[in-house]
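Numbered per my numbering, the sequence shown spans residues 192 to 830.
All C-beta atoms in this analysis are idealised placements derived from N, C-alpha and C, irrespective of residue type, glycine included.
Worksheet: the structure to be examined is printed underneath.
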Amino acid sequence: MKTRIIYILLNILSFSFVFSQEGKHHTDMISKKEKKSALSKKNVQFNPNTVNYDVTYHKLELKVNPSVRNISGKVTTTYTALSNMNTITFDLVSQMVVSSVKQNNVNLSFIQNANKELVITLPNTQLAGTSASVEITYAGIPPSTGHVFFTTHNSSPIFFTLSESFGDREWWPCKQDMRDKIDSIDLYITAPSQYVAVGNGVELAAPVISGSDKTTHFHHNYPIPAYLVSVSVTNYSTFNQTGGTAPNTYPIINYVFPEHLNLAQNNLGQVPSFLTFFESLLGVYPYSNEKYGNAEVTESGMEHPTVSFISNYNRYMMEHEMAHQWFGDKITCATWNDIWLNEGFATFMDELLIEHYDGNAAGISNRTSLINHITSQPNGAVYLTDAEALDEDRIFDGRLSYNKGAMVLNMLRLKLGETPFLLGLKNYINDPNLIYKTAGTPDFKAHMEAVYGSSLTDFFNDWIYNQGYPVYTIKAQNMAAGQVKVLVSQTQSHASVNYFEMRLPLQFTGAGGQVYNTFVNNTVNNESFTVNVPFTITGVRFDPEKHIISRNNTATLGLGNVDFEKDQIEIYPNPVSNILTVDHVTPIDKVTMTNMVGQAIPVHFINKNQIDFSKFSPGVYLLQVHTQNSTKTLKIIKK
């Protein structure tokens with residue numbers, strides 16, 4: 192979600208994407224910068240003392256001078272009590288010193304405690320379901336923890352904020368809980384008149400000049416979590432573009448350092464076409480009633496709704512932050528455990544854009560780099576444990592939250608097929624129960640299962656919740672004319688997964704240069720398949736276009752040396768709708784079957800090797816095939 196990238200890189204002059212240099216690194220540098228300087232590990236996700244109210248509106252009136260490290264302000268918050276309340280608590284660091292709190296112009300008692308809280312005593316018990324407002328006046332020098340910046344560019348001062356994931360309380364009193372999105376906000380930013388202010392939303396009127404100061408008003412009328420509220424002030428130059436397709440267009444406003452104006456105009460030229468591409472897959476840009484924009488800052492990057500903060504004009508940064516307007520802003524991960532719903536999805540959208548603009552070879556190169564990075568260590572899950580979700584280094588781990596998350600989505604695309612997958616993705620990001628709210632991994636899984644027509648529990652358990660990756664051994668042998676026997680075996684890099692079930696791409700080649708691509712649906716170890724190939728094969732390749740998270744795989748042509756097991760059982764199709772075929776070498780003594788809760792299911796053969804599945808309910812079944820030498824258990828999916 193945050194594309195917090197504290198970029199130590201210089202502005203990249205070229206707009207091209209060099210995969211040989213950036214394969215793993217382009218996400219790696221993004222994640223390293225998105226994790227906010229990582230000076231400390233936080234010990235809180237949500238403050239339990241703030242769960243008794245719902246924030247509906249904030250009015251922030253801020254006064255800053257980018258050359259002086261100090262913030263003064265007044266924040267008016269409208270909220271609804273979720274239970275009877277005698278006090279209301281906001282998140283705020285002690286360095287931001289509160290001078291007064293008022294309700295209906297009456298001063299209220301308050302304390303700032305050692306837990307980075309502002310606790311306000313209400314004049315009377317506020318009943319559940321009622322609404323009220325409080326006005327907090329404060330000022331102070333924000334801590335230097337990588338969330339609030341007073342620095343310079345080309346000797347010009349700049350002030351900007353990057354609040355993800357726990358930094359909003361370091362510059363304004365808020366409810367630091369991404370699950371409670373603010374319905375709307377107004378930002379009034381007062382700064383010396385020579386500077387330009389940037390914030391979420393749109394300017395409703397021209398800035399107001401009073402003496403040597405200028406006040407700029409932004410209004411944002413979409414739900415937004417506190418950590419995505421953002422401000423920047425410096426001597427920006429601006430230029431505009433147009434996004435969308437007529438008549439449904441919206442402004443793109445770019446705020447850039449004057450010394451980089453020509454560079455920005457050149458490198459931001461493709462921003463409208465990138466937006467159009469994302470809209471073709473995901474639907475209309477989520478904030479089309481307001482604006483999209485880019486604001487240059489000196490370090491990092493962040494997908495604030497309606498305006499991405501970027502620290503250079505590298506294409507990857509720009510498209511990554513843009514993708515976050517859907518994945519991270521329109522729908523925000525409900526907890527940091529689910530950070531892949533923001534970062535993995537934005538990284539996957541980068542992959543789709545690479546394929547679209549740069550071609551298939553560039554996509555293969557990018558996926559190769561992602562896989563190499565993911566499998567550089569044998570462990571690591573996409574989904575975070577509760578302990579990991581308190582550690583910003585782990586939250587913004589480029590290998591897992593970004594790259595593995597993205598490649599799992601790519602494998603889901605392979606498993607479901609391009610059209611169903613993209614439909615499920617679009618349905619998810621436009622779900623009326625989720626848009627401008629938060630979502631967890633089960634919400635996304637439900638949309639994928641809806642288009643797939645079957646359970647994806649095993650897939651999510653293997654690839655999202657558990658750790659590691661498979662190592663495949665593929666053996667192939669010419670059999671009868673036009674047929675190839677394939678044996679698939681697998682080991683796992685981590686003990687949390689017994690077996691990675693996956694649809695596997697194979698490529699067969701012939702002596703005359705023929706190429707035949709196909710897939711096998713691998714569900715168990717040492718599984719054999721009979722593949723119809725229209726020529727005698729002389730070579731076999733596993734995953735030639737790099738779609739599968741795996742490492743150190745081998746694919747060999749047996750040429751009579753493959754030792755296929757005597758009791759090898761082959762079943763197809765799987766998933767099955769009506770008739771399941773069971774091919775076998777040696778005689779079968781009996782076949783039994785259970786469902787996933789262990790209940791016996793009668794097996795009805797319609798001939799010697801075909802089982803009628805037409806009357807079974809959709810789900811997963813375990814088929815036990817008994818021969819003289821062994822019993823094999825095969826997992827069957829009924830569609």
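- Contact check for Lys482 against Ile415 fails: the beta carbons are separated by 7 Å or more.
- For Val339, the CB contacts under 6 Å within the same chain, skipping 5 residues up- and downstream, are Pro333, Thr352, Glu361, Trp362 in chain order.
- Each of Gly519, Trp517, Glu490 was checked against the Cα of Asn505, and the nearest Cα belongs to Glu490.
- Taking all protein chains in view, the Cβ of Gln668 is crowded by 16 or more other Cβ atoms within 10 Å, so the residue is classified as buried.
- Runs of beta strand (DSSP E) with 3 or more residues, each lying fully within the segment 735–816, are found at 745–748, 760–763, 770–775, 779–786, 796–798, 801–803, listed in chain order.
- For Thr436, the enclosing beta strand (DSSP E) has its first and last residue at 428–436.
- Around the beta-carbon of Met787, fewer than 16 other beta-carbon atoms lie within 10 Å, marking it exposed.
- Between the alpha carbons of Pro809 and Val642 lies a gap of roughly 14 Å.
- For the 7 Å CB-CB criterion, Pro348 and Pro257 form a contact.
- Restricted to the segment 574–611, the alpha helix (DSSP H) segments that are unbroken, complete and at least 4 residues in length are 583–586, 596–607, listed in chain order.
- The Cβ atoms of Gly631 and Asp774 do not sit closer than 7 Å to each other.
- For Tyr386, the closest C-alpha among the options Asp404, Arg260, Ile802 is that of Asp404.
- Residue burial annotation: Phe430 is exposed, with fewer than 16 other C-beta atoms found within 10 angstroms of its C-beta.
- Ranked by Cα distance from Lys823, the options Ser290, Glu736, Val715 are led by Val715.
- In this structure, DSSP gives Pro314 an extended state, which the three-state scheme calls strand.
- Pairing Val424 with Phe350 gives a Cβ-Cβ distance under 7 Å.
- For Tyr244, same chain residues with a beta-carbon under 8 Å away, outside a window of 5 residues either side, are Tyr270, Thr271, Ala272, Leu273, Met276, Ile279, Lys366 in chain order.
- For Lys366, no beta strand (DSSP E) encloses it, and the DSSP letter there is neither H nor E.
- For Lys636, the enclosing alpha helix (DSSP H) covers residues 632–643.
- Around the C-beta of Leu466, 16 or more other C-beta atoms lie within 10 Å, and the residue is accordingly described as buried.
- Asn426 sits away from Asn485, with the two beta carbons spaced by 7 Å or more.
- At a Cβ-Cβ threshold of 7 Å, Leu395 and Ser428 do not count as neighbours.
- In this structure Glu512 is buried. Its beta-carbon is surrounded by 16 or more other beta-carbon atoms within 10 angstroms.
- Looking from the CA of Tyr812, the closest CA among Ser263, Pro449, Met784 belongs to Met784.
- Comparing alpha carbon positions, the residue from Ala671, Arg604, Ile665 closest to Leu678 is Ile665.
- Glu609 counts as exposed, since fewer than 16 other beta carbons sit within 10 angstroms of its beta carbon.
- In this structure, the alpha-carbon of Asn717 lies about 8 Å from that of Gln681.
- Note: Ser680 is bridge-paired with Thr664 in the DSSP secondary-structure output.
- A Cβ-Cβ contact shorter than 7 Å links Pro364 with Ile327.
- Your pair Leu591 and Gly571 checks out as a contact, with CB atoms roughly 5 Å apart and the cut at 8 Å.
- Comparing alpha carbon positions, the residue from Gln456, Val475, Lys676 closest to Asn439 is Val475.
- One Cα belongs to Leu814, the other to Asn743, and the distance between them is close to 31 Å.
- Per the coordinates, the alpha-carbon of Pro449 lies some 10 Å from the alpha-carbon of Glu487.
- Non-local beta-carbon contacts of Ser499 in its own chain, meaning distances under 6 Å to residues more than five positions away in sequence, involve Asn485, Glu512 in chain order.
- When only Cα atoms are considered, Leu472 and Glu542 end up about 13 Å apart.
- Ser258 is not bridged by DSSP to any residue.
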